[in-house]
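Asker: Dumping the structure here so I can ask a few things about it.
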Amino acid sequence: MSQLVAQSIVSGILLGGIYGLVALGLALAFGVLNVLNVAHGELLMLGGYLAFFAFTRWGLDPFVSLPLVFIVMFGVGILLYLGLFRFVTKAEIHTRIKNSLLVSFGLALALQALAVRFFTADERTISTAYSSEAFTLGSIRIPIVRLAGLVVAVIAALVLEWILSRTRFGKALRATSEDWTRAALTGIDVRRVYQIAFAISAALAAIAGSMVSLGYSVSPSIGLGWTLKALIVVVLAGLGSMRGIVLAGIALGLVESLASVWIGGQYREVAALVLFLIVLSFRPHGFFGRAHA
Amino acid sequence: MPRPVASVLALLVLVAAVALGLSIGDQHVLTLATQSMILAALATSWNILGGFAGQISLGHSAFFGLGALLTRELWLGGRALPVAIAVAAVVTAVAACVVGIPMLRLRDIYFAIGTLALGVAVFITAGNLWPGISSLPAEMLRSYDFTGPYLFALAVLVVTLLASIWLAQSKLGLGMMAVREDEEAAKATGVNTFAYKLAAFVISAALAALAGSAFALFSVSYYPNFAFSVIWTFEAVLVAFIGGIGTLFGPLLGSIFFIVGRDLMPTNVDEFQVVFFGLLFVVVVLVFPGGLSQAAGRLLGRRAAKARTTGDRATAARGRS
Amino acid sequence: MLEVEGLEVAYGDLQVVWGVSFEVHRDSIVAILGPNGAGKTTTLLSLMGLLPRKAGSVRFEGEDLSGLPTHEIVGRGMVMIPEERAAFQTLTVAENLELGAYSLREKEAFGEALGEVFEIFPRLAERRKQAAGTLSGGERQMLAIGKALMARPRLLILDEPSLGLAPIVVEDIFGVIRRIRDRGVSVLMVEQHVEMALEVADYAYILETGSIVARGTGPELEADVRVQEAYLSL
Numbered sequence: 007m008s009q010l011v012a013q014s015i016v017s018g019i020l021l022g023g024i025y026g027l028v029a030l031g032l033a034l035a036f037g038v039l040n041v042l043n044v045a046h047g048e049l050l051m052l053g054g055y056l057a058f059f060a061f062t063r064w065g066l067d068p069f070v071s072l073p074l075v076f077i078v079m080f081g082v083g084i085l086l087y088l089g090l091f092r093f094v095t096k097a098e099i100h101t102r103i104k105n106s107l108l109v110s111f112g113l114a115l116a117l118q119a120l121a122v123r124f125f126t127a128d129e130r131t132i133s134t135a136y137s138s139e140a141f142t143l144g145s146i147r148i149p150i151v152r153l154a155g156l157v158v159a160v161i162a163a164l165v166l167e168w169i170l171s172r173t174r175f176g177k178a179l180r181a182t183s184e185d186w187t188r189a190a191l192t193g194i195d196v197r198r199v200y201q202i203a204f205a206i207s208a209a210l211a212a213i214a215g216s217m218v219s220l221g222y223s224v225s226p227s228i229g230l231g232w233t234l235k236a237l238i239v240v241v242l243a244g245l246g247s248m249r250g251i252v253l254a255g256i257a258l259g260l261v262e263s264l265a266s267v268w269i270g271g272q273y274r275e276v277a278a279l280v281l282f283l284i285v286l287s288f289r290p291h292g293f294f295g296r297a298h299a
Numbered sequence: 238m239p240r241p242v243a244s245v246l247a248l249l250v251l252v253a254a255v256a257l258g259l260s261i262g263d264q265h266v267l268t269l270a271t272q273s274m275i276l277a278a279l280a281t282s283w284n285i286l287g288g289f290a291g292q293i294s295l296g297h298s299a300f301f302g303l304g305a306l307l308t309r310e311l312w313l314g315g316r317a318l319p320v321a322i323a324v325a326a327v328v329t330a331v332a333a334c335v336v337g338i339p340m341l342r343l344r345d346i347y348f349a350i351g352t353l354a355l356g357v358a359v360f361i362t363a364g365n366l367w368p369g370i371s372s373l374p375a376e377m378l379r380s381y382d383f384t385g386p387y388l389f390a391l392a393v394l395v396v397t398l399l400a401s402i403w404l405a406q407s408k409l410g411l412g413m414m415a416v417r418e419d420e421e422a423a424k425a426t427g428v429n430t431f432a433y434k435l436a437a438f439v440i441s442a443a444l445a446a447l448a449g450s451a452f453a454l455f456s457v458s459y460y461p462n463f464a465f466s467v468i469w470t471f472e473a474v475l476v477a478f479i480g481g482i483g484t485l486f487g488p489l490l491g492s493i494f495f496i497v498g499r500d501l502m503p504t505n506v507d508e509f510q511v512v513f514f515g516l517l518f519v520v521v522v523l524v525f526p527g528g529l530s531q532a533a534g535r536l537l538g539r540r541a542a543k544a545r546t547t548g549d550r551a552t553a554a555r556g557r558s
Numbered sequence: 004m005l006e007v008e009g010l011e012v013a014y015g016d017l018q019v020v021w022g023v024s025f026e027v028h029r030d031s032i033v034a035i036l037g038p039n040g041a042g043k044t045t046t047l048l049s050l051m052g053l054l055p056r057k058a059g060s061v062r063f064e065g066e067d068l069s070g071l072p073t074h075e076i077v078g079r080g081m082v083m084i085p086e087e088r089a090a091f092q093t094l095t096v097a098e099n100l101e102l103g104a105y106s107l108r109e110k111e112a113f114g115e116a117l118g119e120v121f122e123i124f125p126r127l128a129e130r131r132k133q134a135a136g137t138l139s140g141g142e143r144q145m146l147a148i149g150k151a152l153m154a155r156p157r158l159l160i161l162d163e164p165s166l167g168l169a170p171i172v173v174e175d176i177f178g179v180i181r182r183i184r185d186r187g188v189s190v191l192m193v194e195q196h197v198e199m200a201l202e203v204a205d206y207a208y209i210l211e212t213g214s215i216v217a218r219g220t221g222p223e224l225e226a227d228v229r230v231q232e233a234y235l236s237l
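Protein chains in written order, with my numbering: chain Y, 7 to 299; chain X, 238 to 558; chain E, 4 to 237.
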């Protein structure tokens, strides 16, 4: 195996980890609330900027600021739910999905425009002391700042799985995502579940953004691209398993990388799109997931 | 309003528009008008797929961009203008056919997601393949006047509106609306729903390409991938919703409202304008699905011509017992 | 215990329930009977706050339930088991029962409630680790009832408990309903299976196209000629 291909594979896996992390939040919002938040990538972007400014203004290392980013964007998620998505969830499921798609589409562009206004259109990257350090496996470089994204993704998936299966709230989440009417009849405060699930989803996007601004770069326009990746991952993996989502993210990263090597980096996006269409055509419920209404 | 009267009126409006274009020297007004017409044409073309056939596509910018790119490249490459425009439209239509076949197998949100993915993928790829700015050569710039682009944009808008009107009354259009109202029911009565969806997809793509051509002729210099930007999709969808999705003139109404409103807004900051229109969009989607057409119809005391929500009523009726 | 007066429910412009009034007294089983589409389920959903009321009042133990969200109504002791598959398929029996107690305030009561449910439904104890989706129809219904009992209701509302079940299983279920009533939980049930319902109910109402057309005790209605002709195979 040539060195180029091997390095590609590694890069793809590392990037794929972040795809998985971004997808976790999107899956949570879609699975529990039946809301498709196209502005998810913009929340990632905001998280990335938050981490960036925490680093440049207050000197906070991005790993140190991770909890801060999580909490702040959790709050933003609550606000977005109360101010916007709450109204979308009033409709029944079919209309809800369509409306949330349109509404969040508008939100995405609005957030993007605001970001250009306040942050300028320049690309930002967090450059820490260890930004250029890497592990080496033979001739393959594994940059620490990119490995971090994969590690955070795996941890997040495991934590989410634990919450969903062991905690009372997690079970309420699963019940609500199966059938919110029955959940309400079981005595579960569905609005509260929605609120918190959405906020967690936003916070997850934000910590992904943190890792993106550390290992790659952020700029106001990256949102939609990340949302698309997350959507593709969710479609690949289905909604049943957090672990499955991270794995699917890694798979997507791999496919993109290998496609880059063979047909050229300019056509990466097309490769992802084709994979997406193929999976959707043959397996509308994804590889790992249970059927979702 | 009886047909012959409406047609005469429309003709008068058209003549007036042409005359206006030829007489006004004010380049700013011409620019604004041209932009409105390009957006109106794009929105009307989207409306054929999204409003008539009920397939909400979020990747419309791909066809607009392709039309613009091909027209620009061929025109600046020395080909005659009509040839460039025709080739752009035809190639885009073919591309739409190729892409549409797998895409249209997707339903509802998956279609929206798939087309969004298409739009973004094409945008990024275009940016990769044509990173350099595209500028009109110096000789053209010297005598550049917006009257030509204005008239062409007007022509494109007229063609698009005529296509829309014709479709609304044709069997093809009725088939599309049947798919929109209840696809399963239509299939059950033997309608080839896929064919109707594909027809809507290809027609709307070809018309979008024309709008793209108008944009290519109108722009002095721009980055080619700008024409592929999702902003175009958003503005077209926004304007179609605001004006009244599914209606004939809703998208046109909406674009006038949008472009004029944007110009009159007290704030010059582009970004706040986007926020404002984003909010308006949200309000329209959640509260006023019929948009301006619905509001205007109510004011005039009659139901807006063929105002429809995007199949919501069918769904609601189906879900309750 | 439950007083419903002049209830009117509509789906947009389509009105389904027209001025329905009924009562459920303590320690009794009340049935609302009638054909498909009469508005029975709509009435129940409205009681539980899942559908808005156009008009009318609902008082539970003297308290007006207007405007209360569903989970709070459950917290006050009125619990509904919806039609079919009331349990969460993707969760285990144990998890379902655990969730049933979601609205319980005292945690100690949980153990007690669980014990009672396993006493009434020993088969659930056997299957506690199984996913609810793998249970048989009758077992799923038992789980649904058990889950509802975990919330320690004072009034249990059942929507078509016999639906989709074999006659023998239906008899079991109705036997369970009697036992529940004997333990001090009132029952309101909506049923299409008129004969069996009249045998078990203390009082019943007949709902047709959104209005109550007949009311009375079980024997009274059984003796009513109209009821006999319309619903009983006599």
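Ideal placement from N, C-alpha and C gives every residue a C-beta, glycine not left out. Just so we're clear, the structure is a prediction, and the values are computed from it rather than from any experiment.
Between the C-alpha atoms of A354 of chain X and L279 of chain Y, what's the straight-line distance to the nearest angstrom?
Answerer: What you label residue 354 of chain X is simply residue 117 of the second sequence in a count that begins at 1. What you label residue 279 of chain Y is simply residue 273 of the first sequence in a count that begins at 1. Roughly 6 angstroms separates the two Cα atoms.
Asker: For a contact meaning CB atoms closer than 9 angstroms, what does R188 of chain Y contact in chain E?
Answerer: What you label residue 188 of chain Y is simply residue 182 of the first sequence in a count that begins at 1. P85, R88, A89, A90, F91, listed in chain order.
Asker: In the DSSP assignment, what residue or residues form a beta bridge with Y292 of chain X?
Answerer: Locating residue 292 of chain X in the second sequence gives position 55, counting from the first residue. Correcting the residue type first, residue 292 of chain X is Gln in the shown sequence and not Tyr. DSSP lists no partner for Q292 of chain X.
Asker: Could you tell me whether any Cβ in chain X is nearer than 9 angstroms to the Cβ of L286 of chain Y?
Answerer: Working through the first sequence from its first residue, we reach residue 286 of chain Y at position 280. So yes, L286 of chain Y belongs to the interface.
Asker: Return the first residue and the last residue of the alpha helix (DSSP H) that D500 of chain X is part of.
Answerer: Taking the second sequence and counting its residues from 1, the one referred to as residue 500 of chain X is at position 263. Segment 487-501, the alpha helix (DSSP H) holding D500 of chain X.
Asker: Using Cβ-Cβ distances below 8 angstroms, what residues of the region 362-380 of chain X are close to chain Y?
Answerer: Taking 8 angstroms as the Cβ-Cβ cut-off against chain Y, the residues of the region 362-380 of chain X that qualify are T362, N365, L366.
Asker: Using DSSP with H/G/I as helix, E/B as strand and the rest coil, what is M51 of chain E?
Answerer: Mapped onto the third sequence, residue 51 of chain E falls at position 48. Coil at M51 of chain E, not helix or strand.
Asker: For A209 of chain Y, which residues in the same chain have their Cβ closer than 7 angstroms to its Cβ, ignoring the five residues on either side in sequence?
Answerer: As a position in the first sequence, residue 209 of chain Y is number 203, starting the count at 1. Excluding residues within five positions, the ones whose Cβ falls inside 7 angstroms are F76, M79, F80, G83.
Asker: Contact criterion: CB-CB distance below 9 angstroms. Does M51 of chain E meet it with respect to chain Y?
Answerer: On the third sequence, position 48 is the one that residue 51 of chain E refers to. M51 of chain E counts as touching chain Y.
Asker: How would you label N39 of chain E, buried or exposed, when you count the other beta carbons within 10 angstroms and need 16 or more for buried?
Answerer: Here residue 39 of chain E refers to the residue found at position 36 when the third sequence is read from its first residue. N39 of chain E is exposed by the Cβ-count criterion.
Asker: Considering Cα atoms alone, identify which of E:V77, E:R155, E:F91, E:M51 is closest to A147 of chain E.
Answerer: Within the third sequence, numbered from 1, the residue matching residue 147 of chain E stands at position 144. It is E:F91 whose Cα lies nearest to the Cα of A147 of chain E.
Asker: Against chain Y, does V522 of chain X count as a neighbour if the rule is that its beta carbon must be under 9 angstroms from one of theirs?
Answerer: The residue labelled residue 522 of chain X in the question sits at position 285 within the second sequence. For V522 of chain X, the answer is yes, since a Cβ of chain Y falls inside 9 angstroms of its Cβ.
Asker: Over the uninterrupted beta strand (DSSP E) stretch that includes L391 of chain X, give me the two end residues.
Answerer: Within the second sequence, residue 391 of chain X is the residue found at index 154, counting from 1. Element bounds for L391 of chain X: not the beta strand (DSSP E) but the alpha helix (DSSP H), 384-406.
Asker: So with Cβ pairs under 9 angstroms, would you call D128 of chain Y a contact of chain A?
Answerer: No chain A is present in this structure, whose protein chains are Y, X and E.
Asker: Who are the neighbours of T95 of chain Y on chain E, taking C-beta pairs under 9 angstroms?
Answerer: What you label residue 95 of chain Y is simply residue 89 of the first sequence in a count that begins at 1. Residues of chain E passing the Cβ test: none, with the nearest at roughly 13 angstroms.
Asker: Between X:P339, X:L259, X:F348, X:A442, which has its C-alpha nearest P330 of chain X's C-alpha?
Answerer: The residue given as residue 330 of chain X occupies position 93 in the second sequence. As written in the sequence, residue 330 of chain X is Ala, which differs from the Pro given in the question. Out of X:P339, X:L259, X:F348, X:A442, X:A442 has the C-alpha closest to the C-alpha of A330 of chain X.
Asker: Taking beta-carbon pairs under 9 angstroms, can you tell me which members of the region 186-210 of chain Y lie near chain E?
Answerer: Within the region 186-210 of chain Y, the qualifying residues are T187, R188, A189, A190, L191, T192, G193, I194, D195, V196, R197, R198.
Asker: For chain Y, is any of its Cβ atoms less than 9 angstroms away from the one on D500 of chain X?
Answerer: Locating residue 500 of chain X in the second sequence gives position 263, counting from the first residue. For D500 of chain X, the answer is no, since every Cβ of chain Y falls outside 9 angstroms of its Cβ.
Asker: Name the residue from Y:L120, Y:S110, Y:P73, Y:Q201 whose alpha carbon lies nearest to the alpha carbon of V38 of chain Y.
Answerer: Stepping through the first sequence from its first residue, residue 38 of chain Y is reached at position 32. Checking every option, the nearest Cα to that of V38 of chain Y belongs to Y:Q201.
Asker: Residues of the region 107-131 of chain Y in Cβ contact with chain X at a cutoff of 7 angstroms, in chain order, please.
Answerer: Listed in sequence order: L107, L108, V109, F111, G112, L113, L115, A116, A119, L120, V122, R123.
Asker: Any Cβ of chain X within less than 9 angstroms of the Cβ of N105 of chain Y?
Answerer: Working through the first sequence from its first residue, we reach residue 105 of chain Y at position 99. By this cut-off, N105 of chain Y is an interface position.
Asker: Should Y105 of chain E be flagged as near chain Y, meaning a C-beta pair shorter than 9 angstroms?
Answerer: Taking the first residue of the third sequence as 1, we reach residue 105 of chain E at position 102. Yes - at least one Cβ of chain Y is within 9 angstroms of the one on Y105 of chain E.
Asker: Please check if any C-beta of chain X sits within less than 9 angstroms of the C-beta of Y25 of chain Y.
Answerer: One-based indexing of the first sequence puts residue 25 of chain Y at position 19. Not one chain X Cβ lies under 9 angstroms of Y25 of chain Y.
Asker: Taking 8 angstroms as the cut-off, does the region 238-253 of chain Y touch the region 268-285 of chain Y (at least 3 CB pairs, one atom from each stretch)?
Answerer: Touching, per the Cβ criterion.
Asker: Any Cβ of chain Y within less than 9 angstroms of the Cβ of A154 of chain E?
Answerer: Position 151 of the third sequence, counted from the first residue, corresponds to residue 154 of chain E. It does; some Cβ of chain Y falls within 9 angstroms.
Asker: Alpha carbon to alpha carbon, what distance is there between E167 of chain Y and L34 of chain Y?
Answerer: Within the first sequence, the letter at position 28 stands for residue 34 of chain Y. Within the first sequence, the letter at position 161 stands for residue 167 of chain Y. Using only the alpha carbons, I get a separation of about 11 angstroms.
Asker: With DSSP as the reference, label W64 of chain Y as helix, strand or coil.
Answerer: Here residue 64 of chain Y refers to the residue found at position 58 when the first sequence is read from its first residue. Residue state, collapsed to three classes: helix.
Asker: In three-state terms, what does DSSP make of P149 of chain Y?
Answerer: As a position in the first sequence, residue 149 of chain Y is number 143, starting the count at 1. Of the three classes helix, strand and coil, the one that applies to P149 of chain Y here is strand, per DSSP.
Asker: Note down, in chain order, each residue of its chain lying with its Cβ closer than 6 angstroms to the Cβ of L32 of chain Y, except the 5 sequence neighbours on either side.
Answerer: Translated into positions along the first sequence, residue 32 of chain Y becomes position 26. These residues qualify, in order along the chain: H46, A236, V240.
Asker: Per DSSP, I76 of chain E forms a beta bridge with which residues?
Answerer: To locate residue 76 of chain E, count along the third sequence from 1; it is residue 73. Note: I76 of chain E sits in no beta bridge, so no partner.
Asker: What three-state label does DSSP hand D227 of chain E in the structure shown?
Answerer: Translated into the one-based positions of the third sequence, residue 227 of chain E becomes position 224. Of the three classes helix, strand and coil, the one that applies to D227 of chain E here is coil, per DSSP.
Asker: Against V28 of chain Y, what residues of chain X qualify as contacts under a CB-to-CB distance less than 7 angstroms, listed in chain order?
Answerer: As a first step, residue 28 of chain Y must be located in the first sequence, where it is residue number 22. Within 7 angstroms Cβ-Cβ: nothing; V28 of chain Y doesn't reach chain X, min ~14 angstroms.
Asker: Could you tell me which whole alpha helix (DSSP H) segments of length 4 or greater appear in the region 194-218 of chain E?
Answerer: Here the runs fully enclosed are 197-203.
Asker: So what's V23 of chain E in DSSP terms, helix, strand or just coil?
Answerer: Position 20 of the third sequence, counting from 1, holds the residue named residue 23 of chain E. DSSP places V23 of chain E in strand when its eight states are reduced to three.
Asker: Show which residues of chain Y have a CB atom less than 8 angstroms away from the CB atom of V245 of chain X.
Answerer: As a working note, residue 245 of chain X is residue 8 in the second sequence. What V245 of chain X touches in chain Y: nothing, since even the nearest Cβ is about 38 angstroms away.
Asker: Taking just the CA atoms, how far does A207 of chain E sit from D175 of chain E?
Answerer: Position 172 of the third sequence holds residue 175 of chain E. Position 204 of the third sequence holds residue 207 of chain E. Distance between the alpha carbons of D175 of chain E and A207 of chain E is about 21 angstroms.
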